[in-house]
Each structure stands twice: as structure tokens, then as C-alpha cells.
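Single-structure report; data block below.
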Amino acid sequence: MSARAFPNLCPYCGDENLWPHEPGEGVKAAGAWECRSCLRAFSLSMLGQIPRPEPTSPRSTT
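Sequential numbering from 1 applies to the sequence shown in the UniProt record's numbering.
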């Protein structure tokens, strides 16, 4: 995820009214967003990549 990526919907209410969050004094929240519909602030971060599942062979029906 790049620093330019942004969410399209609020994870709490699903609204699109999102704005970059400007934290108050003494609070660090890089990459934080605020939803002006439900008045919540949140941040998103990438945890890592998950392994690709092993392909399974199709079952034969006879």
C-alpha cells in the first residue's frame, strides 16, 4: 500500500464523506481519516501479505 492510497468508504457507516484527519496537539496519527457522517476517525495500515492457497484438483463426479 502506498502513502497515496485512501479508503473509498468509511469502515463503520459505509459513507463516502471521508477527509484526511488532522490530529490534535500531541497526537500522532499518520494516514488517519475522518468520516464526517458518523464523526469517527480511523487509520488503515497494511499488515503484510498472506500466502496464496494451494490449488486443489477438481473433484470428478461419476
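Glycine residues also receive a C-beta, built at the ideal position from the N, C-alpha and C atoms. Since this is a predicted model, take the numbers as computed values, not measurements.
Legend entry - Sub-9 Å separation of P44 and P7 beta-carbons: The sequence as given places Leu at residue 44; Pro does not occur at that position. In this structure, P7 lies closer than 9 Å to L44 by Cβ.
Legend entry - Through-space distance from G31 to D15, alpha-carbon basis: 18 Å
Legend entry - Collapsed DSSP secondary structure at S45 in the structure displayed: coil
Inset, instruction - Look up C35 in the DSSP assignment and give the residues it is bridged to. - result: L18 and R40
Legend entry - Distance between G48 and R36 (C-alpha atoms, nearest Å): 29 Å
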